[in-house]
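As numbered in mature numbering (1 follows the signal peptide of the UniProt record, and there is no 0), residues -22 to -1, 1 to 140 make up the sequence shown, in order.
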Amino acid sequence: MNKNITVALIFLLAAPYASLEAAEGVKMAFRGGLIAPPPCTISGGKKIDVDFGDRVGVNKVDGQNYRQTIDYSITCEPGALPWQMTLTLKGGVSFERAALQTNKPDLGIRVYQNDTPFIINTPLNIVPGNLPLLEAVPIAKPGTTLIEGAFFATATLQADYQ
């Protein structure tokens, strides 16, 4: 609406300066080429497993112990342009924004990118040739006591072009 009013005002203000004679028209041509980003795969399309082991102590889960590197790669076919890329970790959010929900309500998996919490479901700008270090660590909800038992979480690591 504001755009239409602005355009109308410009035409009204410019009218006195317009020539009464019509100028000769000039033809215009527009050209371009559309290209698609090159196809990419994360870790060869294979499942990425992070195994904390079977002996995670319920009293030792402190957001530091059991920290694991997430082994991943992004491989793209060569392209003509330096494409902008984002990386998103998609999944259920636990009691904090940078932690994935597990099957245990008081246990989350915090994910880091280069030692900074990686906010779940939020795109991160990356350079394809210089991928961030991703790490995962189990964390307990503050003020709770963890209950013994197997745990798991799932997520999708997604790379997108801008």
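Ideal Cβ positions, reconstructed from N, Cα and C, are used throughout, including at glycine. In this text, all values refer to a predicted model and were calculated from it rather than measured experimentally.
In its chain, beyond the 5 residues on either side, T64 have a beta carbon closer than 6 Å to the beta carbon of D138. Judged by beta-carbon spacing, V28 lies within the 8 Å limit of I48, meaning their Cβ atoms are closer than that value.
When the Cα atoms are used, K25 and V71 turn out to be separated by approximately 20 Å.
The DSSP-derived three-state label of G23 is helix.
The Cβ neighbour count for R45, taken over all protein chains shown within 10 Å, is under 16; the residue is labelled exposed. Apart from sequence neighbours up to five positions away, the residues of its chain that approach G69 with a beta-carbon distance below 8 Å are L78, Q79, I98, N99, A131, T132, A133 and T134, ordered along the chain. With a minimum length of 3 residues, the unbroken runs of beta strand (DSSP E) contained wholly in the stretch 47 to 76 fall at 52 to 54 and 63 to 69. Spanning the alpha carbons of K38 and G57 requires a straight line of approximately 47 Å. For Q136 and D40, the gap between their C-alpha atoms comes out near 28 Å. Taking the C-beta atoms as reference points, L112 is found no nearer than 8 Å to L85.
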